[in-house]
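Chains as they are written, first to last, in the working numbering: chain A, 9 to 335; chain B, 5 to 341. We put the CB at the ideal spot given by N, CA and C, even for glycine. All of these numbers come straight from a predicted model, not from anything done at the bench. Input: a single structure, listed below in C-alpha cells.
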Amino acid sequence: MSLLVVDNVSVEFKTRDGIVEPLSGISFKIDAGEILGLVGETGSGKSVTAQAIMGLLPFLNGRVSSGRICFRDQDLLAISEDQYQKIRGNHISLISQNPMTSLDPVYKVGDQIVEGLRQHVVIARDDAVKRAVNVMTSLGIPNSEKVFFQYPHQLSGGLKQRIVIAMGLCADPHLLIADEPTTALDVTVQAQIVELFRKTVAQRNIGLIMITHDLGVISNLCDTVVVMYAGHVVEKGRVQEVFANPMHPYTRALLKCIPKFGMPERSLKAIQGNVPSVSTFPGGCRYHLRCPDMKPICMTEAPQTLQAGNGIEVQCHQFGPNWREEL
Amino acid sequence: MNSLVEVRHLSKFFPVTGGLMQRRIGAVKAVNDISFDIYKGESLGVVGESGCGKSTLARLILNLIRPTSGHVLYDGQDVNRISKTELRELRRKMQMVFQDPHSSLDPRISIYRSLEEVFTIQKEKLSRPKINERILELLGMVGLKPEHCRSYPHQLSGGQKQRAVIARALAMLPEFIILDEPTAALDVSVQAQIILLLQQLGDQFGITYLFISHDLALVDYFCQRIIVMYLGRIVEITPADLSRQKPMHPYTKVLKESVFVADPLAEPKAPRIEGDVPSPFNLPEGCVFETRCEYAQNICRKESPALRQTMPGRFVACHFPLIHAMEDPSCLPVDAK
C-alpha cells in the first residue's frame with residue numbers, strides 16, 4: 009500500500025480570462041520512508057500540487073477537476089471538509105517556503121508550536137510543551153527550553169526553519185510536504201537542513217515530498233524525482249537513473265544549464281525562451297516551443313506517458329511509435 | 005596586469021543606536037579593512053553568505069555610500085575625493101545591475117522611456133532619432149525585440165526585465181559593471197541565458213565585471229578570480245577553477261563542500277559546519293571564522309590573521325592555511341609554474 013497516490017490529477021482555476029489549467033493529468037506515488045523530489049521552474053505547478061494534496065486550493069475559484077488523490081487508501085477528494093481537517097496537520101503536514109512568513113512575529117515560537125499541536129491532538133498544555141521541546145531538541149535546536157520562549161526575530165534563518173519543521177512534525181504526521189524549504193537559506197545552513205530532513209525521514213519512517221527547483225538538493229536527498237514542466241509531469245523515476253540518463257529533452261537541458269565545478273569555460277547551455285504562463289500553455293507538447301528536437305507532431309499532439317526500460321516514465325514523442333527522425 | 009580599481013584598507017561601520025536618547029551603542033562592521041585590486045578586463049567574483057558585506061562593498065566602490073575609512077581608486081582617481089562634476093563623468097564608466105530586476109525598473113514608464121532617460125540626463129544631448137537608433141541597438145544587443153520598448157515592466161518576464169536592466173547599464177558603454185546577484189531572482193534556465201549574455205557582452209566590449217553572488221559554483225564558472233568574504237573580511241583570494249585550485253581557507257573549503265552537486269553518484273555528505281553566521285554586531289575577537297572553524301586553536305581566538313600572499317595570485321587570511329595546495333604542484337596557479 010502506497011502512502012499517497014496522486015492519479016491523473018488535473019486542477020483548474022476560474023479567472024477573469026476564462027478557465028486555466030495549471031495541472032493537467034499528473035500522477036505519482038510515494039511510500040513510507042521515501043523521499044520524493046518535485047522539481048520544476050516557476051509556473052510548472054509544483055506548489056499547486058502541494059495545495060491540491062493538502063486540500064488548500066482557493067475554494068472560490070480553484071478545484072481538482074479530475075483524477076484521484078488517495079492517502080492510505082482513503083480518497084481525499086471524496087471526504088468532507090471536517091474529515092479533511094483531521095488529516096491535514098495530523099497525518100499530512102506542509103512546510104512552506106519562507107520561515108519568516110509561517111511564523112507570527114508577535115508570539116513566542118514555542119507557543120506557536122503548541123497551538124498547532126493542540127489544534128490536532130487532544131493533549132494537556134503541559135504535555136504539549138514537553139512534546140514540543142522534545143521535537144525541537146531532536147531537530148538539533150540548541151537550548152530548546154530557552155528558544156521555546158523566544159520570538160521569531162530573535163532567531164537566525166536556520167533556527168526559524170527548524171522551528172517551522174518542528175511545527176510540521178509535532179503531530180507525528182505520516183507525510184511531510186516541504187515547499188522550497190531551503191531556498192531562503194545560506195548554503196552552509198541549507199546543507200544542515202537537508203541532512204536534518206534525511207535523518208528525520210529515516211528515524212520516523214515517514215514520506216517526504218520535497219518541492220524545489222534545485223537539482224543539487226534533489227540529487228543529494230531524494231530517492232525518486234518527478235520533473236514537472238508547465239503543469240505536466242514530463243519525466244519521473246529513480247534519482248540515480250534519471251540523473252545518469254535523463255531522457256526528456258527538458259530534463260537534459262535543465263541538467264546542462266546549472267554551473268558545476270570543473271566545468272570547461274563557455275560550456276553552459278541555456279534553454280531558449282521562457283516558461284510559458286498558465287494562460288498561454290501551447291497546444292501539443294507544452295515544451296515544444298523551447299525544444300531543440302521539436303518535430304511537427306509535437307505541435308499538434310500531446311505526448312503520452314511511456315514506460316522506459318529502467319523504470320523511468322517519460323512524456324515525449326521521441327520515445328513513442330510515431331517518431332520519425334527524418335520529419 | 006593593469007589595475008582598474010584599487011581598494012585600499014576600506015572599511016564601513018554602520019552605527020547602531022539604542023536607548024532613550026538614541027545614543028550610539030556600537031557599530032556593525034559591514035566591511036572591515038579590506039584591500040584588493042580589480043584588473044582591467046577580468047571578471048572578479050565576490051562570494052559569501054548573507055551579511056558578509058558583499059553588497060556594501062559594491063556600494064562603496066561606486067561611491068553610493070561613503071566609507072568610514074580607506075579609499076577606492078578608479079583608474080588612479082580616488083572616487084571619494086573627486087569633485088561632483090568629475091564624479092558624474094566617472095559614473096558613466098561604472099554601472100551596476102541589481103538582484104531584483106522588478107524593483108530596478110519604474111513600473112509606470114515603458115522600457116523605452118527607462119532607456120531614454122539615460123541619454124537625456126547627459127550633458128551632451130543626442131538628437132531624438134539618434135537616441136531612438138541607440139535604444140533599438142541596445143535592445144538588440146541584449147536579445148530583446150524592438151516591440152519590447154513599448155512594454156511596461158509588468159508585461160515582461162523576469163529574464164526579459166533583467167535584459168532590459170542590462171541594456172540600461174550598457175547605454176553609456178561603461179568600462180566596469182558591478183553585478184550584484186544578477187540571477188538570484190531568476191529560474192535556472194533563464195539564469196544560464198543571462199550568464200551567457202553577460203559573457204558575450206563582456207567579450208564584445210571588453211567590460212570589467214565585479215560579480216557578486218552567494219553561489220560559489222556560478223562564480224567559479226563566470227569569473228577568473230574569486231574573493232571569499234566572511235563577516236566583512238576577505239578570507240581568501242584565489243584564481244577560479246576550484247575543482248583544480250584547492251581552497252586554502254577552511255571557510256572556502258566548507259563553502260565549496262556545502263554546494264550540492266547535481267550528481268547522484270556523489271556521496272551524500274554530512275554538513276561540514278554547524279550553526280549560523282554570527283551577527284556582525286558582535287564579532288568574535290580573533291579570527292572572524294573562529295566560532296565555526298574545525299581547526300581553530302588558541303591563537304585564532306586572540307589574534308585576527310592578516311591577509312597574506314601564500315603564492316603568486318593567492319591570498320589567505322588564516323593562521324593555519326590548508327597547505328595541500330603547496331604540496332601538489334598540479335594545484336599551482338598557471339603563472340606560478
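Contact with chain A by residue i, beta-carbon distance below 8 Å
i: B/T314; result: no
i: B/S262; result: yes
i: B/L109; result: no
i: B/V232; result: no
i: B/E53; result: yes
i: B/P105; result: no
i: B/A34; result: no
Close-in-space but distant-in-sequence residues of the same chain around residue i (CB under 6 Å, 5 per side omitted)
i: B/R12; result: S39, G74, H75
i: B/L336; result: Note that B/L336 scores 44 on pLDDT, short of 50, meaning its location in the model is unreliable and no value can be drawn from it.
i: B/V146; result: R167, I170, A171
i: A/P257; result: C299, D301
i: B/I69; result: R63
i: A/Q198; result: T190
i: A/R260; result: P254
Where the alpha helix (DSSP H) through residue i begins and ends
i: B/G163; result: 162-174
i: A/R347; result: This structure cannot speak to residue 347 of chain A, because chain A is shown only from 9 to 335.
i: A/F205; result: 195-212
i: B/S193; result: 192-209
i: B/G52; result: From DSSP, B/G52 is part of no alpha helix (DSSP H); its letter is neither H nor E.
i: A/P337; result: Residue 337 of chain A lies beyond the residue range present for chain A, which begins at 9 and ends at 335; the question has no answer from this structure.
i: A/Y120; result: The sequence shown places Gln at residue 120 of chain A, rather than the Tyr named in the question. Element bounds for A/Q120: 117-128.
i: A/D187; result: A/D187 -> not in any alpha helix (DSSP H); beta strand (DSSP E) instead, spanning 183-187.
Own chain, CB closer than 8 Å to residue i, minus 5 neighbours either side, in chain order
i: A/H325; result: C293, K303, I305, C306, E309, P311, W331
i: B/Q228; result: E46, S47, L48, P243, A244
i: A/F157; result: K116, G118
Span of the beta strand (DSSP E), counted from its first residue to its last, around residue i
i: B/K16; result: 7-22
i: A/I103; result: 100-103
i: B/Q313; result: 312-315
Selected residue, minimal CA-CA separation from residue i, among the options
i: A/F21; options: A/G319, A/N318, A/V286; result: A/V286
i: B/R248; options: B/R112, B/K260, B/Y255; result: B/K260
i: A/D231; options: A/K207, A/G75, A/E42, A/R139; result: A/E42
i: B/E53; options: B/L174, B/S308, B/S217; result: B/S217
i: B/C153; options: B/R117, B/P284, B/G162, B/K134; result: B/R117
i: A/I266; options: A/E49, A/V19, A/G26, A/L31; result: A/E49
i: A/P160; options: A/Y115, A/L183, A/D134, A/T190; result: A/Y115
i: B/H253; options: B/L287, B/V292, B/D267; result: B/V292
i: A/V17; options: A/G33, A/A199, A/A86, A/H240; result: A/G33
i: B/G206; options: B/L143, B/L177, B/S308; result: B/L177
i: B/R28; options: B/A34, B/N36, B/V35, B/F18; result: B/F18
i: B/T314; options: B/L119, B/E289, B/F324; result: B/F324
i: A/L147; options: A/V130, A/K168, A/A136; result: A/K168
i: A/T208; options: A/L65, A/S227, A/L184; result: A/L184
Residue i at chain B interface by Cβ criterion, 8 Å
i: A/K268; result: yes
i: A/H128; result: no
i: A/R24; result: no
i: A/I279; result: yes
i: A/N228; result: yes
i: A/M271; result: yes
i: A/H296; result: no
i: A/H221; result: yes
i: A/V28; result: no
Chain E contact for residue i (CB, 8 Å cutoff)
i: B/E46; result: The displayed structure is made up of protein chains A and B, and chain E is not among them.
Other residues of its chain near residue i: CB distance less than 7 Å, five sequence neighbours each side excluded
i: A/E6; result: Missing from the structure shown is residue 6 of chain A; chain A here goes from 9 to 335 and no further.
i: A/C178; result: I121, G124, L125, R139, A140, V143
i: B/V338; result: Bear in mind that a pLDDT of 42 at B/V338, under 50, signals an unreliable position, so the model cannot answer this.
i: B/H158; result: P111
i: A/Y237; result: G48, S52, Y258, R294, Y295
i: B/I42; result: S7, L8, V9, L48, T212, L214
i: A/N106; result: A192
Any non-hydrogen atom of the ligand GDP within 7 Å of residue i CB
i: B/E307; result: In the structure shown, the ligand GDP is absent, as is every other ligand, since no ligand is present at all.
Report task. Would you list, in chain order, the members of the stretch 186-215 of chain A that have their beta-carbon closer than 8 Å to a beta-carbon of chain B? Result -> Shown in chain order are the members of the stretch 186-215 of chain A whose Cβ falls below 8 Å from a Cβ of chain B: D194, V195, T196, V197, Q198, A199, Q200, V202, E203, R206.
Query raised in the report: Taking any Cβ of chain A, which residues in the stretch 243-256 of chain B have a Cβ under 7 Å from it, in chain order?
Result: Result list: L246, S247.
Requested in this report: For the stretch 146-158 of chain B, enumerate the residues whose C-beta is nearer than 7 Å to any C-beta of chain A, in chain order.
Outcome: none
Requested in this report: Quick one: which residues of the stretch 232-252 of chain A get their C-beta closer than 8 Å to a C-beta of chain B? List them in chain order.
Outcome: From the stretch 232-252 of chain A, only V247, Q248, F251, A252 have a Cβ closer than 8 Å to chain B.
Query - Members of the stretch 197-228 of chain B that neighbour chain A once the beta carbon cut-off is set at 9 Å - result: Q197, I198, I199, L200, L201, Q203, H218, D219, L220, A221, L222, V223, D224, Y225, F226
Query - Under 9 Å (Cβ pairs) to chain A, residues found in the stretch 159-189 of chain B - result: Along the stretch 159-189 of chain B, the positions whose C-beta sits under 9 Å from a C-beta of chain A are S161, G162, G163, Q164, read in chain order.
Requested in this report: Check each residue of the stretch 50-79 of chain A: if its Cβ is closer than 8 Å to any Cβ of chain B, include it; give the result in chain order.
Outcome: T50
Query - Interface residues of the stretch 136-153 of chain A facing chain B [CB-CB below 9 Å] - result: G148, P150
Requested in this report: Would you list, in chain order, the members of the stretch 159-172 of chain A that have their beta-carbon closer than 8 Å to a beta-carbon of chain B?
Outcome: S164, G165, G166, L167
Requested in this report: Could you name the residues of the stretch 85-109 of chain A whose beta carbon sits closer than 9 Å to any beta carbon of chain B, in the order they occur along the chain?
Outcome: none
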